[in-house]
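The next block holds one structure in the form of structure tokens; read it before the comments.
Protein chains in written order, with the working numbering: chain A, 1 to 68; chain B, 69 to 468; chain C, 469 to 652.
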């Protein structure tokens with residue numbers, strides 16, 4: 001899998017329960033709305049990929065997915 | 069009583085709603101003849117449906133031939149006829165089922181055979197008594213192998229959404245799943261679409277295209293409400309103008325400045341009698357036909373109050389699965405009610421776009437986005453009323 | 469030699485109980501969306517994970533020292549299969565059952581992504597069963613219940629577990645409901 005291009009972070013809103021770990025671990029990519037739910041505002045650049053993977057693994061509801 | 073309330077009544081076109089009623093099974097067969105034999109993945113029939121240009125009549129206008137072909141390609145398939153009609157302002161499906169259930173059942177048989185489904189189901193809202201009774205009677209008149217399972221579904225707004233409906237007929241809560249059922253081999257088709265399919269199967273594509281426009285052929289049922297003499301369900305040629313439609317309903321009974329096109333997921337527009345009722349013409353105004361709920365909103369009624377009332381309803385009808393919908397829609401309703409009451413109007417007006425940005429495209433189904441479109445267009449069309457409400461007055465004769 | 473074994477079994481056992489209690493309370497704190505010393509919330513989950521893994525280490529040591537001690541007279545089978553023949557069969561069995569559950573909790577958590585959320589979540593409820601079993605095993609074995617330090621430790625663990633479980637019932641905010649409520 002080529003790591004040179006940006007990845008996209010997808011949130012499954014059916015699963016998401018506003019724990020907020022993604023915004024804590026990836027503040028450059030994820031912002032929270034006023035109710036605590038994530039808005040993917042930035043791109044997952046190659047430098048942020050490792051942190052993005054950590055965020056995906058950390059989500060208590062497994063609501064995050066990384067795609068090319 | 070809300071200006072958007074409608075009830076069932078006269079029909080004026082003969083394809084789906086023959087004048088004098090469609091009668092029982094024998095009358096139906098006498099009028100149309102026996103259903104032609106349909107093979108699984110019947111190429112001639114699929115080609116005819118494609119050529120006819122039939123699109124879904126439930127609101128999304130998805131090309132029917134494409135959906136049929138996609139499902140027919142799966143190994144294990146099933147068909148669900150969607151007669152639930154969760155939209156409160158819409159009555160067309162209930163009227164169709166009450167007056168011409170056999171045509172719908174024909175379409176269900178055709179669809180089931182085309183996709184090779186062993187089981188077929190027809191879903192009706194639990195409180196649509198006349199429709200449910202008519203469907204039950206009609207099923208009993210059919211040959212045994214053409215009898216679908218009838219399921220009564222709780223009357224919630226999202227229950228008519230395809231994936232929610234599949235859940236409901238399987239005994240689960242009627243909540244959307246975020247996935248399209250046809251991808252898993254379940255064909256969900258609005259009952260009106262099935263009725264048209266039954267006619268295309270008998271009379272062909274050219275016949276179907278004799279009505280409507282080139283890009284949007286055929287007829288469609290519409291629920292017309294508001295300040296017309298005879299509100300009700302009307303079968304119209306796609307492309308008919310608003311003025312002609314209202315004329316068919318006995319004309320306007322009082323001055324109308326605004327219309328709602330598309331029901332609770334629809335758009336408010338300034339009333340223009342020349343406006344053509346086709347998705348192509350409506351697109352230029354940022355609107356679409358949707359499930360063809362058209363309301364002639366009288367000048368004497370308070371548009372802002374209506375927008376706020378529907379927004380509160382939509383907030384309560386959330387399936388409760390996605391945060392931005394669960395929390396955002398009530399907050400939006402709060403802001404709208406503040407505007408109606410003239411309370412902190414400026415703060416409420418600032419709140420609306422901030423809420424919009426946090427709600428748009430952040431749900432698993434179309435519920436929040438449909439509501440946003442309804443609200444945004446309402447605030448634009450009734451913008452002049454906002455100041456009146458700020459001052460504590462309203463031009464409407466009745467006001468909540 | 470046997471005396472050293474005996475001490476090792478008991479001390480690793482007590483440490484295991486303390487760590488399992490810590491893991492339980494941190495897990496409940498995670499569920500309640502709580503913060504440790506004002507740190508970001510993901511830290512709570514991470515420390516819960518670390519405490520759980522550490523408790524596995526000590527449980528493993530506890531089991532190993534038990535197996536190596538001829539006087540304990542516990543077979544490998546008895547360690548994993550509740551009810552297999554051993555001395556003090558009931559309390560060993562409870563320990564064995566607790567071990568099985570803890571193993572299931574940890575393995576399913578490590579494989580969470582592959583198993584899918586629903587399977588993982590359903591299994592994780594077993595935590596509420598594994599702790600009482602571990603506690604009962606600790607107290608039931610009777611080795612140290614005479615001594616004050618053990619009693620104090622056990623009582624502290626019990627208090628912590630009850631307080632945590634109570635807070636789960638009272639404080640738990642499920643997130644999405646149809647009435648609006650502030651989550652952040």
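All C-beta atoms in this analysis are idealised placements derived from N, C-alpha and C, irrespective of residue type, glycine included.
> Can you tell me whether DSSP reads residue 386 of chain B as helix, strand or coil?
Replying inline: To locate residue 386 of chain B, count along the second chain from 1; it is residue 318. Residue state, collapsed to three classes: coil.
> Would residue 390 of chain B pass as a contact of residue 232 of chain B if the rule is Cβ separation under 9 Å?
Replying inline: Here residue 390 of chain B refers to the residue found at position 322 of the second chain. Here residue 232 of chain B refers to the residue found at position 164 of the second chain. Not a contact, by the Cβ cut-off of 9 Å.
> Between which two residues does the alpha helix (DSSP H) carrying residue 588 of chain C extend?
Replying inline: Taking the first residue of the third chain as 1, we reach residue 588 of chain C at position 120. Looking at the DSSP string, the run of the alpha helix (DSSP H) that includes residue 588 of chain C is 585 to 592.
> Counting only runs that start and end within the region 148 to 208 of chain B, where is the alpha helix (DSSP H) found for 4 or more residues in a row?
Replying inline: 160 to 167 and 169 to 183
>> Quick check: the region 305 to 318 of chain B against the region 99 to 110 of chain B, are at least 3 beta-carbon pairs closer than 8 Å?
In response: no
> First and last residue of the alpha helix (DSSP H) that includes residue 270 of chain B?
Replying inline: Taking the second chain and counting its residues from 1, the one referred to as residue 270 of chain B is at position 202. Residue 270 of chain B -> alpha helix (DSSP H) spans 259 to 277.
> Roughly how many whole angstroms lie between the Cα atoms of residue 41 of chain A and residue 499 of chain C?
Replying inline: On the first chain, position 41 is the one that residue 41 of chain A refers to. On the third chain, position 31 is the one that residue 499 of chain C refers to. One C-alpha to the other measures close to 27 Å.
>> Tell me which residues share the same chain as residue 367 of chain B and place their Cβ nearer than 6 Å to its Cβ, disregarding the 5 neighbours each side in the sequence.
In response: The residue given as residue 367 of chain B occupies position 299 in the second chain. Contacts found: 323 and 325.
> Where does the unbroken alpha helix (DSSP H) through residue 56 of chain A begin, and where does it stop?
Replying inline: Here residue 56 of chain A corresponds to residue number 56 of the first chain, with the count starting at 1. That run of the alpha helix (DSSP H) goes 49 to 58.
>> Beta-carbon within less than 6 Å of residue 446 of chain B's beta-carbon, same chain only, minus the 5 sequence neighbours each way: which residues are those?
In response: Numbered from 1 along the second chain, position 378 holds the residue referred to as residue 446 of chain B. Closer than 6 Å at the Cβ level, and outside the excluded window around residue 446 of chain B, lie 336 and 375.
> Should residue 241 of chain B be labelled buried (16 or more other beta-carbon atoms within 10 Å of its own) or exposed?
Replying inline: Taking the second chain and counting its residues from 1, the one referred to as residue 241 of chain B is at position 173. Exposed, because fewer than 16 other Cβ atoms sit within 10 Å of the Cβ of residue 241 of chain B.
>> Considering only their Cβ atoms, is the gap separating residue 149 of chain B from residue 262 of chain B smaller than 9 Å?
In response: Working through the second chain from its first residue, we reach residue 262 of chain B at position 194. Working through the second chain from its first residue, we reach residue 149 of chain B at position 81. It is a contact, given that the beta carbons lie within the stated cut-off.
> Sorted by chain position, which residues of the same chain lie with C-beta nearer than 7 Å to residue 284 of chain B's C-beta, five sequence neighbours on each side aside?
Replying inline: Here the question's residue 284 of chain B lines up with position 216 in the second chain. These residues qualify, in order along the chain: 306, 307, 346, 347 and 348.
>> At a CB distance below 8 Å, what residues from the region 26 to 53 of chain A approach chain B? Give them in sequence order.
In response: 33, 34, 35, 36, 37 and 39
>> Just to confirm my understanding: we take residue 464 of chain B, look at its own chain, exclude 5 residues before and 5 after, and list those with CB closer than 7 Å. What are they?
In response: The residue you call residue 464 of chain B lines up with position 396 of the second chain. 368, 369 and 370, listed in sequence order.
> If contact means a Cβ-Cβ distance below 7 Å, which residues of the region 4 to 24 of chain A contact chain B?
Replying inline: 13, 14, 16 and 18
> Sorted by chain position, which residues of the same chain lie with C-beta nearer than 8 Å to residue 460 of chain B's C-beta, five sequence neighbours on each side aside?
Replying inline: Counting from one through the second chain, the residue named residue 460 of chain B turns up at place 392. Excluding positions up to five away in sequence, the list reads 410.
> According to the neighbour-count rule (16 or more other Cβ atoms, all chains shown, within 10 Å of its Cβ), is residue 617 of chain C buried or exposed?
Replying inline: Looking up residue 617 of chain C in the third chain gives position 149. Residue 617 of chain C is exposed by the Cβ-count criterion.
> Which first and last residues belong to the alpha helix (DSSP H) in which residue 418 of chain B is found?
Replying inline: Your numbering for residue 418 of chain B matches position 350 in the second chain. That run of the alpha helix (DSSP H) goes 413 to 427.
>> Give me the chain A residues within the contact set of residue 509 of chain C, using Cβ-Cβ distance strictly less than 7 Å, ordered along the chain.
In response: Mapped onto the third chain, residue 509 of chain C falls at position 41. Chain A residues near residue 509 of chain C: 19, 20, 21 and 24.
> Looking at chain A, which residues of the region 533 to 551 of chain C have a Cβ within less than 7 Å of any of its Cβ atoms?
Replying inline: none
>> What does the alpha-carbon distance come out to for the pair residue 506 of chain C and residue 21 of chain A?
In response: As a first step, residue 506 of chain C must be located in the third chain, where it is residue number 38. As a first step, residue 21 of chain A must be located in the first chain, where it is residue number 21. Each residue's alpha carbon lies about 14 Å from the other.
> Taking one C-beta from the region 179 to 189 of chain B and one from the region 151 to 168 of chain B each time, how about it: are there three or more such pairs within less than 8 Å?
Replying inline: no
>> Please tell me whether residue 83 of chain B has its Cβ less than 9 Å away from any Cβ of chain A.
In response: The residue labelled residue 83 of chain B in the question sits at position 15 within the second chain. Judged by the 9 Å Cβ criterion, residue 83 of chain B is not in contact with chain A.
> Leaving out the 5 sequence neighbours to the left and right, which residues in its chain are closer than 7 Å to residue 604 of chain C when beta-carbon positions are compared?
Replying inline: One-based indexing of the third chain puts residue 604 of chain C at position 136. So the list reads 562, once near-sequence residues are dropped.
> So residue 567 of chain C and residue 547 of chain C are in contact, right, with Cβ under 8 Å, and what is the actual spacing, rounded?
Replying inline: Along the third chain, read from residue 1 onward, the residue named residue 567 of chain C stands at position 99. Along the third chain, read from residue 1 onward, the residue named residue 547 of chain C stands at position 79. Residue 567 of chain C to residue 547 of chain C, Cβ: 7 Å. Contact.
>> With a threshold of 8 Å, are at least 3 pairs of Cβ atoms found where one atom belongs to the region 293 to 304 of chain B and the other to the region 202 to 210 of chain B?
In response: no
> Over what stretch of residues does the alpha helix (DSSP H) that includes residue 557 of chain C continue unbroken?
Replying inline: To locate residue 557 of chain C, count along the third chain from 1; it is residue 89. Counting along the chain, the alpha helix (DSSP H) containing residue 557 of chain C begins and ends at 557 to 578.
>> Determine, for residue 62 of chain A, whether the minimum Cβ-Cβ distance to residues of chain C falls below 9 Å.
In response: On the first chain, position 62 is the one that residue 62 of chain A refers to. Output row for residue 62 of chain A: interface = yes.
> Does the region 584 to 595 of chain C come within contact of the region 472 to 483 of chain C, defined as at least 3 CB pairs closer than 8 Å?
Replying inline: no
>> Can you check which of these residues, B:455, B:360 and B:429, is closest to residue 412 of chain B by C-alpha distance?
In response: Working through the second chain from its first residue, we reach residue 412 of chain B at position 344. Of B:455, B:360 and B:429, the residue nearest in Cα terms is B:455.
>> Using DSSP's beta-bridge definition, name the partner residues of residue 309 of chain B.
In response: Along the second chain, one-based indexing puts residue 309 of chain B at 241. Bridge partners of residue 309 of chain B: B:344.
> If you follow the beta strand (DSSP E) that residue 8 of chain A is part of, which residue opens it and which one closes it?
Replying inline: Working through the first chain from its first residue, we reach residue 8 of chain A at position 8. Counting along the chain, the beta strand (DSSP E) containing residue 8 of chain A begins and ends at 8 to 11.
> By how many angstroms is the C-alpha of residue 491 of chain C removed from the C-alpha of residue 626 of chain C?
Replying inline: Numbered from its first residue, the third chain carries residue 626 of chain C at position 158. Numbered from its first residue, the third chain carries residue 491 of chain C at position 23. Whole-angstrom Cα-Cα distance: 13 Å.
> Between the region 476 to 501 of chain C and chain A, which residues of the former have a C-beta closer than 9 Å to a C-beta of the latter?
Replying inline: 498, 499 and 501
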